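Engineer: Would you mind keeping the following structure in view while I ask a few things?
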Amino acid sequence: MDAPYIDIEDVNFHYEHTSVLRDISLIVSKGDFLSIIGPNGSGKSTLIKLMLGLLRPTSGSVKLFGEPAHKFSHREWIGYVSQKSNAFNTSFPATVLEVVMSGLAKKRGLFRKYSAEDRHGAMEALKAVDMDPYASRNIGNLSGGQQQRVFIARALISHPKMLILDEPTVGIDRQHVQSFYDMLAQLNRDRQITMVLVTHDVDTVSDRISHVACLNQTIHFHGVGKEFDRISDNQLQSWYGHSVRKVHHTTEDLS
């Protein structure tokens with residue numbers, strides 16, 4: 001039986017004398033589409049750093065593919081897209097294709113000349129996120145949503161087994177958010193890429209997501225999406241500390 005992609009057991013984390021996370025246990029298995037939801041200051045970004053092995057827990061264990069996260073060597077198995085990926089200005093001197101191919105730098109070497117095979121792989125990654133018509137466009141001239149799609153393509157070029165996305169819809173117009181999630185769901189379904197989506201918006205939870213973890217310093221809920229659907233708004237409010245309401249979206253083509 002394959003080890004879970006992410007296995008977090010009894011984790012606590014402190015910054016100096018401040019408790020940030022407590023009693024965190026969480027498993028992400030192959031093929032999951034997990035949404036980690038929680039308010040600002042709930043510890044989501046710290047949890048991501050623990051998952052990536054960038055931080056070590058004060059106590060407990062974090063494993064990636066069965067190995068301690070801080071010792072994990074197959075970094076190409078994990079694609080990471082941050083909430084700041086789309087912070088390019090219009091003068092940034094790189095095309096969309098060049099940005100995507102830069103995702104090969106760790107594997108190929110920073111100054112290695114890219115091959116025709118590399119370019120083909122970059123175009124295939126762009127096709128997967130519906131951005132191949134923009135290959136020659138300057139990255140800084142794209143909208144926020146388009147830039148995030150390009151950075152997902154950059155992560156895809158190394159054929160990761162899992163994508164971790166930290167607040168990926170920051171800077172994306174609300175009318176395009178749902179088509180962005182449709183694209184993630186298609187990658188999860190068609191390419192069998194395991195997804196971990198971090199967000200503070202409860203209303204992103206929809207039928208696209210297989211599992212939900214509700215975090216506010218500790219895990220208040222971790223289960224399948226259908227179980228989360230049955231949680232009352234009052235219960236969510238007690239976890240979040242303020243009024244929240246689940247909104248379920250229909251799948252539309254909002255390109």
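Numbering (full-length UniProt numbering), first residue to last: 1 to 255.
Glycine included, C-beta positions come from ideal geometry on N, C-alpha and C.
All values reported here derive from a predicted model rather than from experimental measurement.
(1) Quick check: the region 183 to 196 against the region 9 to 17, are there 3 or more CB pairs under 8 Å?
(2) Count the C-beta pairs between the region 18 to 35 and the region 137 to 145 that are closer than 8 Å, then say yes if the count reaches three, no if not.
(3) When you compare the CB of residue 33 with every CB in chain D, is at least one pair closer than 8 Å?
(4) Looking only at its chain, what residues have a beta carbon closer than 8 Å to the beta carbon of residue 200, apart from the 5 residues adjacent to it on each side?
(5) Would you mind giving the Cβ-Cβ distance between residue 123 and residue 130, rounded to the nearest angstrom? I have them listed as a contact below 8 Å.
(6) Report buried or exposed for residue 66, applying the criterion of at least 16 other Cβ atoms within 10 angstroms of its Cβ.
(7) Apply the 10 Å Cβ neighbour rule to residue 103 and answer buried if 16 or more other Cβ atoms are within range, or exposed otherwise.
(8) Please classify residue 125 as buried or exposed, where buried requires at least 16 other C-beta atoms within 10 Å of its C-beta.
(9) Can you give me the C-alpha to C-alpha distance between residue 164 and residue 196, rounded to a whole angstrom?
(10) Thinking just about the alpha-carbon of each residue, which of 105, 121, 31, 209 is nearest to the one in residue 192?
(11) Taking only runs that begin and end inside the region 144 to 209, name each unbroken alpha helix (DSSP H) of 4 or more residues, in chain order.
(12) Classify residue 6 as helix, strand or coil using the three-state DSSP reduction.
(13) Under 8 Å, do residue 150 and residue 100 count as touching if we go by C-beta distance?
(14) With distances taken Cα to Cα, identify the nearest neighbour of residue 53 among 60, 98, 174, 72.
(15) Looking at residue 97: is its Cβ nearer than 8 Å to the Cβ of residue 128?
(16) With a threshold of 7 Å on Cβ separation, who are the neighbours of residue 188 within its own chain once the five nearest residues in sequence on each side are excluded?
(17) How many Å lie between residue 174 and residue 214 at the Cα?
(18) Give me the Cα-Cα distance between residue 230 and residue 121, rounded to the nearest whole angstrom.
(19) Output yes or no for whether 8 Å exceeds the beta carbon distance between residue 48 and residue 162.
(20) Run through the DSSP bridge pairs and tell me what residue 33 is partnered with.
(21) Have a look at residue 82 and residue 152 and give me their C-alpha separation to the nearest angstrom.
(22) Tell me whether residue 79 sits in a helix, a strand or coil according to DSSP, three-state version.
(23) Just to confirm before moving on: does the CB-CB distance between residue 239 and residue 220 stay below 8 Å?
(24) According to DSSP, is residue 68 helix, strand or coil?
(25) Label residue 92 either buried or exposed according to how many other C-beta atoms from any shown protein chain fall within 10 Å of its C-beta, with 16 as the threshold for buried.
(26) Spatial neighbours of residue 22 within its chain, please: CB distance less than 7 Å, with the 5 preceding and 5 following residues excluded, ordered by chain position.
Structural biologist: Let me spell this out:
(1) With fewer than three CB-CB distances shorter than 8 Å, the region 183 to 196 does not count as touching the region 9 to 17.
(2) No, they do not touch.
(3) Given the protein chain composition of this structure (a single chain), no chain D is represented.
(4) Taking the first residue of the sequence shown as position 1, residue 200 is located at position 200. In chain order, 37, 38, 39, 40, 42, 44, 167 place their CB closer than 8 Å to the CB of residue 200, counting only its own chain and leaving out the 5 sequence neighbours on each side.
(5) The sequence position of residue 123 within the sequence shown is 123, counting from 1. The sequence position of residue 130 within the sequence shown is 130, counting from 1. So it is not a contact: roughly 12 Å between Cβ atoms.
(6) Within the sequence shown, residue 66 is the residue found at index 66, counting from 1. Burial check for residue 66: the Cβ neighbour count within 10 Å stays below 16, so the residue is exposed.
(7) As a first step, residue 103 is located in the sequence shown; it is residue number 103 there, counting from the start. That one is buried.
(8) Looking up residue 125 in the sequence shown gives position 125. With 16 or more other Cβ atoms from the protein chains shown falling within 10 Å of its own Cβ, residue 125 counts as buried.
(9) Counting from 1 along the sequence shown, the entry for residue 164 is found at position 164. Counting from 1 along the sequence shown, the entry for residue 196 is found at position 196. Straight-line Cα distance between these residues: approximately 5 Å.
(10) As a position in the sequence shown, residue 192 is number 192, starting the count at 1. Ranking 105, 121, 31, 209 by Cα distance to residue 192 puts 31 first.
(11) Taken in chain order, the complete alpha helix (DSSP H) segments of 4 or more residues contained in the region 144 to 209 are 144 to 156, 174 to 190.
(12) The sequence position of residue 6 within the sequence shown is 6, counting from 1. Looking at residue 6 - three-state DSSP - the assignment turns out to be strand.
(13) The residue you call residue 150 lines up with position 150 of the sequence shown. The residue you call residue 100 lines up with position 100 of the sequence shown. Taking 8 Å as the Cβ cut-off, residue 150 and residue 100 qualify as a contacting pair.
(14) Taking the first residue of the sequence shown as position 1, residue 53 is located at position 53. Nearest option by C-alpha distance: 72.
(15) Taking the sequence shown and counting its residues from 1, one reaches residue 97 at position 97. Taking the sequence shown and counting its residues from 1, one reaches residue 128 at position 128. In this structure, residue 128 does not lie closer than 8 Å to residue 97 by Cβ.
(16) The count along the sequence shown starts at 1 and reaches residue 188 at position 188. Taken in chain order, the residues that qualify are 33, 195.
(17) Numbered from 1 along the sequence shown, position 174 holds the residue referred to as residue 174. Numbered from 1 along the sequence shown, position 214 holds the residue referred to as residue 214. Distance between the alpha carbons of residue 174 and residue 214: 22 Å.
(18) Counting from 1 along the sequence shown, the entry for residue 230 is found at position 230. Counting from 1 along the sequence shown, the entry for residue 121 is found at position 121. Residue 230 and residue 121: Cα-Cα distance of roughly 42 Å.
(19) The residue you call residue 48 lines up with position 48 of the sequence shown. The residue you call residue 162 lines up with position 162 of the sequence shown. Not in contact: residue 48 and residue 162 (Cβ atoms no closer than 8 Å).
(20) Working through the sequence shown from its first residue, we reach residue 33 at position 33. DSSP lists 195 as partners of residue 33.
(21) Counting from one through the sequence shown, the residue named residue 82 turns up at place 82. Counting from one through the sequence shown, the residue named residue 152 turns up at place 152. Straight-line Cα distance between these residues: approximately 10 Å.
(22) Here residue 79 refers to the residue found at position 79 of the sequence shown. Correct three-state label for residue 79: strand.
(23) As a position in the sequence shown, residue 239 is number 239, starting the count at 1. As a position in the sequence shown, residue 220 is number 220, starting the count at 1. If you check the CB distance, residue 239 and residue 220 come in under 8 Å.
(24) Residue mapping note: residue 68 aligns to position 68 of the sequence shown, counting from 1. Looking at residue 68 - three-state DSSP - the assignment turns out to be strand.
(25) Working through the sequence shown from its first residue, we reach residue 92 at position 92. With fewer than 16 neighbouring CB atoms inside 10 Å of its own CB, residue 92 falls in the exposed class.
(26) The residue labelled residue 22 in the question sits at position 22 within the sequence shown. For residue 22, where only same-chain residues beyond five positions count, the Cβ hits under 7 Å are 12, 217, 218.
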